[in-house]
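Here the protein sequences line up with chains A and B, keeping their order.
For the first sequence, the numbering used here assigns the number 7 to the initial residue and increments by one for each residue that follows.
For the second sequence, the numbering used here assigns the number -12 to the initial residue and increments by one for each residue that follows.
Okay, so here's the structure we're looking at.
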Amino acid sequence: MDIIYTIWLRNMKRYLRSKSRIIGSISMPLFFLLFLGFGLNSVVQIPGMGGDYIVFLIPGMIAMSVLFTSVFSGIQIIWDKQFGFLKETLVAPVSRLEIMLGQTAGGATTAFVQGVIILVISVFIGLNNQSITGFFIAFGFMALIGIAFTAFGIAIASRMEDMTGFQLIMNFVVFPIFGLSGALFPISSLPPLLIPITLIDPLTYGVEGIRYGLTGVSQINPLVCLAVLGGFTIAMTVIGAYLFRTIRS
Amino acid sequence: MTVAIHVDHLTRKFNELVAVNDISFEIEQGEIFGLLGPNGAGKTTTLAMLSTMLKPTSGSATVNGMDIEHNEDGVRKSIGIVFQDQSLDEELTAWENMDFHGRLYRIPGEVREQRIKELLDLVELEDRKNDIVKTFSGGMRRRLEIARGLLHHPAVLFLDEPTLGLDPQTRNHLWQYIATLNKEHGITIILTTHYMEEADRLCNRIAIIDHGKIIALDTPANLKDGIGGDVVTIKSSDPAAIVSALNEPWVSRIEQHNGQVTISLQNAELHVSSIVTLLNRKEIAIESISIHKPTLEDVFLSFTGKTIREEEASGKENMRLYQKMMRR
């Protein structure tokens, strides 16, 4: 546990010191929220959601913020590789599993905090949730998204030599995961052909879970969301740990 | 004397390339042992195997009595390592880098703080402990890495090219640190270098390594004595003629390379005039002539027939040398 804590602690220190990164990764979901939210609020009617598009969008933007931050945190291992710091960790008398879990805990915490910041901002721009339990349900799903996608980032980083593939991963993996997740529009409004694709996107269950917590309404049963996202999180952690075992400094 | 490191027929292959080829040696506790050789000779690969970062293809080794393959954690706990490339977290302070290391090696809190303070004092970074490493110079970073490598009180310290890329002054300073660590703290040190001077000044014993093989292993003094006296170097447009002209009994060894002739002989001062006379008589032009006590460079040259710099030359130059030889 102390090793996991040590690596987590390093991640926190670096996170708190990188002001530009904190602001940078808040800005995108925030712009989406403000421009899409306010811009489309009067035009778009979401059936069964009381008609407020911005309220519909908030859970999606929280999920987006957690998703991007966590993938990025996981992939950061490549930087450690390039700056040589990874060697220092790998040559210590600690297991690879501990290092990987520490990195996952660190990345997930960072992502979670980023999500909470968006959540707090949302309260000021129209989120109207009276239920404390609802917040905690949302927090739970945010944590699961954070853990799953940090582990996903670590898995990718374990197989990548440098940052050149990063853009590729962002454009062809992370953006589709985000776009298909029902963060921007209700799944039911898609053509029937596309619905199965959104249903294999693990983030869909995260967005729906957060949406259930914050608005009380969701298109997928929250327990199903919990089961699917929980299973995905466990699977990603196992795969990430397995691939990280073979990482070369 | 107790054995700190025992290496037995260690070999490492990367596909076709044999990076380390069947090397064996022993390092005693309290020694400073040097692996000297050109870049790509297999020094770093050897260190990587001894520090359990890389599995040997065949052969075995023990570090502080523990097998590098069967007791990885034991070996890792008992060694400190300073890598060739920097391995600090630049976003953290000096103190935080030390603290991270101390926690990874499970040093309890109070002891950890005490030792970090002592070691930062030792490497004269105490007053910069709360500064982010990004602001440190190359020499300061190296010193911090050495301090970090010592934090868990290792019995053996591995230094991979410790002064690479540092200015001469900093290099001198670091040499003093390394010598002090060894003398006053009794730490066994194994270092790799391609600087002859560094190996000569610091090491008790040196293994000269080339193309993955150890070609000589002894104290610097013995290695240099093995040359046979002094070294006379003559530069000339016709080195081959010099070699055939100086077929004298007092010449213990004569070699040509790169437009130069290197002669090993006893009491060079007495023979310089005869060399000049002999060459004048045969009308061989001398561009320059110099006498020096043998250096490790001469030792390397005598064992490999090449200077360490030539050995590091690019493949293109090797090809040119090869063609030159074929034309003769």
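C-beta: ideal position from N, C-alpha, C; glycine also.
The structure presented is a predicted model; accordingly, all values stated were derived computationally and were not measured.
Between the segment 66 to 80 of chain B and the segment 91 to 109 of chain B, the count of Cβ pairs shorter than 8 Å is below three; the stretches do not touch. For B/Lys200, the pairing in a beta bridge is given by DSSP as B/Asp197. Interface residue (Cβ-Cβ distance to chain B less than 8 Å): A/Ile160 is not classified as such. Within the segment 204 to 246 of chain B, the runs of beta strand (DSSP E) at least 3 residues long that lie entirely inside it are, in chain order, 217 to 222, 238 to 244. Contact with chain B is found for A/Leu96, since one of that chain's Cβ atoms lies less than 8 Å from the residue's Cβ. The alpha carbon of B/Leu23 has as its nearest neighbour, out of B/Asp9, B/Ala48, B/Asn169, B/His198, the alpha carbon of B/His198. Proximity to B/His160 across B/Arg130, B/His139, B/His181 peaks at B/Arg130, based on C-alpha coordinates. Comparing alpha-carbon positions, the option among B/Ile295, B/Leu189, B/Lys64, B/Asp118 lying closest to B/His181 turns out to be B/Ile295.
In the DSSP annotation of this structure, the continuous segment of the alpha helix (DSSP H) that includes A/Leu249 starts and ends at 228 to 251.
Contact between the segment 194 to 208 of chain A and the segment 112 to 126 of chain A is absent, with fewer than three C-beta pairs closer than 8 Å. Residues Arg(-1), Ala6, Val7 of the same chain have their beta carbon placed closer than 6 Å to that of B/Thr32, with the five preceding and five following residues left out of the count. Residues of chain A whose Cβ lies closer than 7 Å to the Cβ of B/Arg90 are, in chain order, Asp8, Thr12. Pairing B/Ala35 with B/Asp205, the inter-Cα distance amounts to about 23 Å.
Non-local beta-carbon contacts of A/Gly152 in its own chain, meaning distances under 6 Å to residues more than five positions away in sequence, involve Val72, Ser76, Ala114, Ala117, Phe118 in chain order. Within the segment 65 to 87 of chain B, contact with chain A at the beta-carbon level (separation under 8 Å) is assigned to Ile68, Phe70, Asp72, Gln73, Ser74, Leu75, Asp76, Glu77, Glu78, Leu79, Glu83, Phe87. B/Met40 belongs to the set of residues whose beta carbon lies under 8 Å from a beta carbon in chain A. Less than 8 Å divides the Cβ of A/Asp8 from the Cβ of B/Arg90. Going by beta carbons, B/Ile273 and B/Leu233 fall outside the 8 Å limit.
The C-alpha of B/Ile10 is placed about 21 Å away from the C-alpha of B/Leu283.
With respect to B/Arg192, B/Trp162 sits apart: the two C-beta atoms are not nearer than 8 Å. Taking a beta-carbon distance threshold of 8 Å, A/Arg251 does not count as an interface residue toward chain B.
Proximity of A/Phe62 to chain B, defined by a Cβ-Cβ separation below 8 Å, is not satisfied. Beta-bridge partners assigned by DSSP to B/Phe1: B/Leu4. Separation of the CB atoms of B/Leu146 and B/Leu137 is rounded to 11 Å, and the pair is thereby denied contact status at 8 Å. Closer than 8 Å to the CB of B/Asp60 there is at least one CB belonging to chain A.
Residues of chain B with a Cβ closer than 7 Å to the Cβ of A/Phe89 are, in chain order, Glu77. CA-to-CA, the gap between B/His(-4) and B/Lys211 works out to about 26 Å.
Taking C-alpha positions only, A/Val180 is separated from A/Arg254 by approximately 25 Å. With a cutoff of 8 Å on beta-carbon distance, A/Leu235 and A/Pro208 are scored as near each other. B/Ser251 sits away from B/Gly292, with the two beta carbons spaced by 8 Å or more.
Within the segment 97 to 117 of chain A, those residues whose Cβ lies closer than 8 Å to any Cβ of chain B are, in chain order, Val97, Ala98, Pro99, Val100. A contact is defined here as three or more CB-CB pairs under 8 Å, and the segment 79 to 91 of chain A meets this definition with respect to the segment 161 to 168 of chain A. In this structure, B/Thr80 places its C-beta atom within 8 Å of the C-beta atom of B/Asp118. When the five nearest sequence neighbours on each side are left out, no beta carbon in the same chain lies closer than 6 Å to the beta carbon of B/Glu83. In this structure, the beta-carbon distance from A/Leu39 to A/Met67 falls below 8 Å.
Assigned with DSSP and collapsed to three states, B/His139 falls in coil, not helix or strand.
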